[in-house]
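J.: Sending over a structure as structure tokens; questions will come in a sec.
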């Protein structure tokens with residue numbers, strides 16, 4: 010029987026892959042590489058922050074904010090920093106922003122919740138949800154309570170990316186329990202497939218050169234994906250990969266969640282070589298690689 014040791018390639022930004030790499034290395038994966046596959050362009054401006062604050066205190070009066078990604082939080086934070094730095098009425102701006110952040114914030118997962126701490130002292134809900142489908146009932150329950158208290162439909166501010174999923178917005182609107190206002194705060198830009206293939210090829214070569222193999226031994230190289238858009242770059246890049254000694258390794262996929270796993274399978278990944286984290290964090294990925 011062939012022996013299998015394992016390594017991993019994380020397809021995410023280097024600055025955000027460190028905690029995952031540490032957990033996997035401590036778990037016995039002899040090498041962990043990182044290959045970024047996506048870039049992000051922030052779309053929200055300082056003027057947009059001013060408009061949101063104005064709406065909150067003069068027009069719409071939001072009941073809560075929803076984030077489903079760290080990048081949405083980062084985009085809002087960057088724009089808020091610019092808005093707060095404007096020279097006129099700095100104290101008034103700071104006071105208004107702090108009041109704005111008193112709104113309850115619903116998030117999908119701990120990573121997004123953790124990113125919210127950069128905004129200020131926030132009331133964060135949903136960190137244990139792990140997925141939009143799990144968070145939705147919590148939002149609906151909150152909406153029903155608000156409607157009972159005020160006699161009005163609550164209004165939610167959904168700050169999202171251009172490739173956001175439909176689960177939450179459709180679920181909230183179809184429930185009839187709340188109004189939803191969306192602000193697209195960032196755009197996802199896929200890196201060139203050829204560039205990703207080149208970096209992946211180099212990563213695989215580094216992995217193979219870092220270990221001496223016994224006869225009939227093969228390395229399992231886990232390709233860890235964190236988003237459907239990332240999967241759409243990595244899968245074709247893998248198909249164009251050219252690595253010598255391909256008989257020395259086996260590629261398998263690990264997805265951070267259901268939507269990413271579904272995207273991989275739709276692209277052609279073998280379900281027998283694809284695992285999914287039950288919770289979207291480091292421990293979830295670690296456990297999935299043992300399944």
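Numbering (the numbering used here), first residue to last: 10 to 300. Every residue gets a Cβ at the ideal spot worked out from N, C-alpha and C, and that includes glycine.
According to DSSP, is residue 275 helix, strand or coil?
T.: Looking up residue 275 in the chain shown gives position 266. Note: residue 275 maps to helix in three-state DSSP.
J.: Let me check understanding here. Comparing Cα to Cα, which of 14, 36, 34, 42 lies closest to residue 234?
T.: The residue labelled residue 234 in the question sits at position 225 within the chain shown. Considering only alpha carbons, the answer is 42.
J.: Please classify residue 211: is it buried, with 16 or more other beta-carbons within 10 angstroms of its beta-carbon, or exposed?
T.: Working through the chain shown from its first residue, we reach residue 211 at position 202. Residue 211 should be labelled exposed.
J.: Give the straight-line distance between the Cα atoms of residue 74 and residue 151, rounded to the nearest whole angstrom.
T.: Against the chain shown, residue 74 aligns to sequence position 65. Against the chain shown, residue 151 aligns to sequence position 142. Answer to the nearest angstrom: the Cα atoms are 12 Å apart.
J.: Taking Cβ to Cβ, would you say residue 79 is nearer than 7 Å to residue 71?
T.: Translated into the one-based positions of the chain shown, residue 79 becomes position 70. Translated into the one-based positions of the chain shown, residue 71 becomes position 62. Not in contact: residue 79 and residue 71 (Cβ atoms no closer than 7 Å).
J.: Going residue by residue through the segment 94–174, where are the continuous alpha helix (DSSP H) segments of at least 4 residues, counting only ones entirely within it?
T.: The qualifying runs are 99–109, 119–125, 141–159.
J.: Return the bridge partner residues of residue 301 from the DSSP annotation.
T.: Any answer about residue 301 is impossible in this case: the structure gives the chain only from 10 up to 300.
J.: Roughly how many angstroms separate the alpha carbons of residue 149 and residue 248, rounded to a whole number?
T.: Within the chain shown, residue 149 is the residue found at index 140, counting from 1. Within the chain shown, residue 248 is the residue found at index 239, counting from 1. Roughly 43 Å separates the two Cα atoms.
J.: For residue 65, name the three-state secondary structure that DSSP assigns.
T.: Looking up residue 65 in the chain shown gives position 56. Residue 65: helix per DSSP, three-state reduction.
J.: Report the partner residues of residue 76 according to the DSSP bridge assignment.
T.: The count along the chain shown starts at 1 and reaches residue 76 at position 67. In DSSP, residue 76 forms a bridge with 116, 168.
J.: Taking residue 45 and residue 200 to be in contact with their CB atoms under 8 Å, please state how far apart those CB atoms are, rounded to whole angstroms.
T.: If you number the chain shown from 1, residue 45 lands on position 36. If you number the chain shown from 1, residue 200 lands on position 191. Indeed, because the Cβ distance is near 7 Å, the residues count as touching under 8 Å.
J.: Could you pull the start and end residues of the beta strand (DSSP E) that residue 196 belongs to?
T.: Locating residue 196 in the chain shown gives position 187, where the first residue counts as 1. First-last of the beta strand (DSSP E) with residue 196: 188–199.
J.: Check this for me: beta carbons of residue 269 and residue 237, under 7 Å apart or not?
T.: Locating residue 269 in the chain shown gives position 260, where the first residue counts as 1. Locating residue 237 in the chain shown gives position 228, where the first residue counts as 1. Yes.
J.: Tell me where the alpha helix (DSSP H) around residue 32 begins and ends.
T.: Working through the chain shown from its first residue, we reach residue 32 at position 23. Run containing residue 32: 23–35, per the alpha helix (DSSP H) assignment.
J.: Provide the residue(s) that pair with residue 47 in DSSP beta bridges, ordered along the chain.
T.: Sequence index remark: in the chain shown, residue 47 carries index 38 (1-based). DSSP lists 199 as partners of residue 47.
J.: Whole angstroms is fine: what's the gap from residue 86's alpha carbon to residue 128's?
T.: Translated into positions along the chain shown, residue 86 becomes position 77. Translated into positions along the chain shown, residue 128 becomes position 119. Roughly 6 Å separates the two Cα atoms.
J.: Strictly by DSSP, which residues pair up with residue 283?
T.: If you number the chain shown from 1, residue 283 lands on position 274. The partner list for residue 283 (beta bridge, DSSP) reads 262.
J.: Do you know how far the Cα of residue 31 is from the Cα of residue 14?
T.: On the chain shown, position 5 is the one that residue 14 refers to. On the chain shown, position 22 is the one that residue 31 refers to. Approximately 17 Å, taken between the alpha carbons.
J.: Which residue's Cα is closest to the Cα of residue 190: 162, 198, 209, 47?
T.: Your numbering for residue 190 matches position 181 in the chain shown. Of the candidates 162, 198, 209, 47, the one whose C-alpha sits nearest the C-alpha of residue 190 is 162.
J.: I'd like to know whether the C-beta atoms of residue 287 and residue 36 end up nearer to each other than 7 Å.
T.: In the chain shown, residue 287 corresponds to position 278, counting from 1. In the chain shown, residue 36 corresponds to position 27, counting from 1. No, the Cβ-Cβ distance between residue 287 and residue 36 is not below 7 Å.
J.: Look up residue 208 in the DSSP assignment and say whether it is helix, strand or coil.
T.: Here residue 208 refers to the residue found at position 199 of the chain shown. Reduced to three states, the DSSP call for residue 208 is helix.
J.: DSSP puts residue 41 in a beta bridge; with which residues?
T.: Numbered from its first residue, the chain shown carries residue 41 at position 32. DSSP, once it has assigned bridges, lists 17 as partnering residue 41.
J.: Taking only the alpha-carbon atoms, compute the straight-line gap between residue 21 and residue 204 and give it to the nearest angstrom.
T.: Indexing the chain shown from 1 puts residue 21 at position 12. Indexing the chain shown from 1 puts residue 204 at position 195. Cα to Cα, the separation comes out at about 14 Å.
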